[in-house]
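Colleague:
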Ligand SMILES: Cc1cc2nc3c(=O)[nH]c(=O)nc-3n(C[C@H](O)[C@H](O)[C@H](O)COP(=O)(O)OP(=O)(O)OC[C@H]3O[C@@H](n4cnc5c(N)ncnc54)[C@H](O)[C@@H]3O)c2cc1C
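Residue numbers (my numbering): -19 to 300.
1. Looking at residue 54 and residue 265, is the spacing between their C-beta atoms short of 7 Å?
2. Taking all protein chains shown into account, do 16 or more other C-beta atoms lie within 10 angstroms of the C-beta of residue 36, making it buried, or fewer, making it exposed?
3. Is residue -5 helix, strand or coil by DSSP?
4. Does residue 50 come out as helix, strand or coil in the three-state DSSP assignment?
5. Assuming residue 260 and residue 49 form a contact by the criterion Cβ under 8 Å, report the distance between their Cβ atoms to the nearest whole angstrom.
6. Taking 6 Å as the cut-off, is the CB of residue 216 close to at least one heavy atom of ligand 1?
7. Is residue 283 helix, strand or coil when you go by DSSP?
8. What number of angstroms, rounded off, separates the C-alpha of residue 292 from the C-alpha of residue 72?
9. Straight-line CA distance for residue 159 to residue 177?
10. Give the DSSP bridge partners of residue 211, in chain order.
11. Give the C-beta separation of residue 270 and residue 21 to the nearest angstrom, bearing in mind that I take them to be a contact with Cβ-Cβ under 8 Å.
12. Can you give me the Cβ contacts of residue 98 inside the same chain, cut-off strictly under 8 Å, excluding the 5 residues immediately before and after it?
13. Could you give the distance in angstroms between the alpha-carbon of residue 84 and the alpha-carbon of residue 281?
14. Taking DSSP's pairing of strands, which residues face residue 256 in a bridge?
15. Tell me the rounded alpha-carbon separation between residue 238 and residue 272.
16. Is the beta carbon of residue 143 closer than 7 Å to that of residue 109?
17. Whose CA, out of 64, 96, 90, lies closest to the CA of residue 123?
18. Would you say the beta carbon of residue 175 comes nearer than 6 Å to a heavy atom of ligand 1?
19. Pick from 137, 46, 258, 267: whose alpha carbon is nearest that of residue 13?
20. Mind checking whether residue 262 and residue 26 have CB atoms under 7 Å apart?
21. Confirm the yes/no value for this check: CB of residue 159, any heavy atom of ligand 1, distance under 6 Å.
22. Going by the C-beta, is residue 100 closer than 6 Å to any heavy atom of ligand 1?
23. To the nearest angstrom, how far is the alpha carbon of residue 201 from that of residue 23?
24. Quick one: what's residue 85 bridged to in DSSP?
25. Flag this pair as yes or no: are the beta carbons of residue 206 and residue 165 separated by less than 7 Å?
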């Protein structure tokens, strides 16, 4: 059994690989890594194309889950790639409306033009939000590396007052979140509370551990006291146990997990009557998403190797 230190370092190593620009540039549908691990990545990636996506979403909805959907993309510098990404969301909104689905959409502002300018990100996010609002579809903005948080919050400050269907993800590990939260609460929109996924230095963020769990719960208390809609997005069985022991499950709006992770834990939570959302990711640019899932629990590396060897181990919907 590897020691805790090896786990922590393996986790940091996988996150470093996830953000490695050379690896990311080398990754596309023709790359060797894609060909080798595409099947294993589909433990987490719900679908490659829209037809498969809608069929699977219906299946999870029929089981009583709330749905979240994100088209897996990368930070985009190229205006044409950004436009294609926005177009994918606009088409997806129409497809969901036609299929009678209302999943919560999610995306990174860096995928809709933040690396070109804040105005571009604002404009594109606004376009998606307005189209989604026409079909009563909510949108959740993700939170990115600490270097991007200030600009994300600045764009969110413009979006939140005018788009009733927008919400934002808040990272409990960031020290600055303690100060940012009251401003975010002030908009009155939905907040998704996560621990945070990136490698960050101790002067910027807390590492995993008791102190972070305590801060997560303190931030949650603040959100609940302000009566904003809250999603607890965590896959941590211990933290979820504390949510139930502390009676939070009666006060939060939902528990949310990524598709393919801890399905049995989410199902048990749903069986208590708590609304549970499966955040599903689709598309082919899965490098970052896949590496982050492996990093969250380095045992998943073994799982991925087993899936690579025997892809039939992956059964859609198993455990939910
Ligand atoms: C719906 C959703 C949206 C998110 N959006 C963002 C975002 O916008 N920005 C951001 O920075 N982060 C985001 N995250 C990631 C989040 O910040 C955490 O990195 C991630 O949820 C892991 O933290 P945790 O609390 O789930 O568990 P951790 O504290 O990381 O792990 C505790 C334990 O939980 C279990 N566990 C956790 N993840 C897994 C897994 N993948 N497989 C198996 N076991 C696991 C393991 O037992 C692990 O030891 C999101 C997460 C979710 C679920």
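Ideal Cβ placement from N, Cα and C applies to all residues, glycine included.
Modeller: The answer reads as follows:
1. yes
2. buried
3. helix
4. strand
5. 6 Å
6. yes
7. helix
8. 29 Å
9. 20 Å
10. 172, 234
11. 4 Å
12. 131, 134, 135
13. 29 Å
14. 235
15. 11 Å
16. yes
17. 90
18. yes
19. 267
20. yes
21. no
22. no
23. 34 Å
24. 49, 119
25. yes
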